[in-house]
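The structure under discussion appears below in the form of structure tokens.
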Amino acid sequence: MTEFLRAANFYAESYHGKLPAKTRTDVQNRFMAGDVDTIVATNAFGMGVDKPDVRAVLHWQMPGTLEAYYQEAGRAGRDGREARCVLLYDTRDRRVQQFFLGGRYPSADDVLMIYDALEKMNAAQAAASLEQIKETIGDGLSKTKLRVGLNLLKDERIVRERRGAKFELSKPNINFDEIKRLAETYVERGTSDREKLERMMLYAQSASCRWQTLSKYFDNDDNGIGGEEIEKCETCDNCVRPISERFDVQIPPGNPTKAEQEELLETLRRETEAREEIAVGESVELPKLGAGKVEAVAGDKVEVVFAGGKRKTFKSEFVRKTGV
Numbered sequence: 001m002t003e004f005l006r007a008a009n010f011y012a013e014s015y016h017g018k019l020p021a022k023t024r025t026d027v028q029n030r031f032m033a034g035d036v037d038t039i040v041a042t043n044a045f046g047m048g049v050d051k052p053d054v055r056a057v058l059h060w061q062m063p064g065t066l067e068a069y070y071q072e073a074g075r076a077g078r079d080g081r082e083a084r085c086v087l088l089y090d091t092r093d094r095r096v097q098q099f100f101l102g103g104r105y106p107s108a109d110d111v112l113m114i115y116d117a118l119e120k121m122n123a124a125q126a127a128a129s130l131e132q133i134k135e136t137i138g139d140g141l142s143k144t145k146l147r148v149g150l151n152l153l154k155d156e157r158i159v160r161e162r163r164g165a166k167f168e169l170s171k172p173n174i175n176f177d178e179i180k181r182l183a184e185t186y187v188e189r190g191t192s193d194r195e196k197l198e199r200m201m202l203y204a205q206s207a208s209c210r211w212q213t214l215s216k217y218f219d220n221d222d223n224g225i226g227g228e229e230i231e232k233c234e235t236c237d238n239c240v241r242p243i244s245e246r247f248d249v250q251i252p253p254g255n256p257t258k259a260e261q262e263e264l265l266e267t268l269r270r271e272t273e274a275r276e277e278i279a280v281g282e283s284v285e286l287p288k289l290g291a292g293k294v295e296a297v298a299g300d301k302v303e304v305v306f307a308g309g310k311r312k313t314f315k316s317e318f319v320r321k322t323g324v
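Per the UniProt record's numbering, the sequence shown starts with residue 1, numbered consecutively.
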């Protein structure tokens, strides 16, 4: 992505946690000084960054929570001038976030497996490396969950990390019930994080005003501008171009029920599929004009031939496959 932006004449730099600390500091300092105009970064970038004239924040991938999105997008326009925040949403982003969640919270059995391995290795007397612990456990636990489990035990001061990334067992002879209790606290965190991911998904797929959705989520009583309650912010994508204009759907008035939301999302899914991967020769439909056949496809433009030989060119987003 950084190379792509540079080829488009942006002065762009990369920033992520695997870069050397000196490189990260240099990139951040040059960005703050205005010598770099675009940063392509993971969420490792931004903590402590308070640059007032950021004009745009674009999320290439959906964050796992609305809290994270609000904080990251909120770095734009801190000087009070207009700024743009864009979330490029893909339903596959949910699987990415679920993958990270899956590796973040070990089960009680996982934690017990780690603890048993440390006892077998006599880690109370001689600290063991991550590789040694993994070798003792075998294939029953991934290295990611091993790290997370060790961190849980460290948080509870059952394990101490020594120099050279070695782990020492500081509380031997703990029973299974105690380990289970510790793991259950992580299970509760996992449930909370999954609920937050669902709220993030609903925000990305919502047909409502973005600002109102965020405001209600954070329970902000001031639901408008200057203390006046408003229905719409008049600047987000759903306000400027309502979803009913982009798709052939009707938005329920007021606050839709869960069933209405699910019906709307299913309709949007069908509509989106109908507009994807349109190929030459396929039968399509257009509002008011009826059925036709695709004659040519070039980028986002589709040429359609109708009955009688009439030809017209449309943007692909307005063309639907017949019967979908």
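Cβ atoms here follow ideal geometry from the backbone N, Cα and C, with glycine treated the same way.
For this session: Going by DSSP, name the residue or residues bridged to R320.
Result: E285
Problem set entry | Same chain only: Cβ atoms within 8 Å of A296, ignoring 5 sequence neighbours per side | The answer, listed in chain order, is V280, V302, E303.
For this session: Measuring alpha carbon to alpha carbon, tell me which of D26, D37, R30, A21 ends up nearest A8.
Result: D37
Problem set entry | Nearest-angstrom Cβ-Cβ length linking M62 and M200, presumed shorter than 8 Å | 6 Å
Exercise. Which value, in whole angstroms, describes the spacing of the CA atoms of M1 and R55?
Worked result: Each residue's Cα considered, the two are about 19 Å apart.
Exercise. Which of the three DSSP states, helix, strand or coil, is assigned to residue 329?
Worked result: Residue 329 lies beyond the residue range present for the chain, which begins at 1 and ends at 324; the question has no answer from this structure.
Exercise. When DSSP builds the beta bridges, which residues end up paired with S129?
Worked result: K166
Problem set entry | S129 and A165 closer than 8 Å at C-beta | For S129 and A165, yes; Cβs fall inside 8 Å.
Exercise. So, V40 versus L5, is the Cβ gap smaller than 8 Å?
Worked result: yes
Problem set entry | For W60, the nearest candidate out of Q71, V27, N43, R311 (CA to CA) | N43
For this session: Using 10 angstroms around the beta-carbon of Y11, count the other beta-carbons present and answer buried if the total reaches 16, otherwise exposed.
Result: exposed
For this session: Have a look at P52, L214, E156 and flag the residue whose alpha-carbon is nearest the alpha-carbon of R81.
Result: P52
For this session: Confirm, please, whether the CB-CB distance from G64 to L153 is below 8 Å.
Result: no
For this session: Quick one: grab the DSSP three-state call for T38.
Result: strand
For this session: Pick out whichever of N238, S283, D109 has its Cα sitting closest to the Cα of D177.
Result: D109
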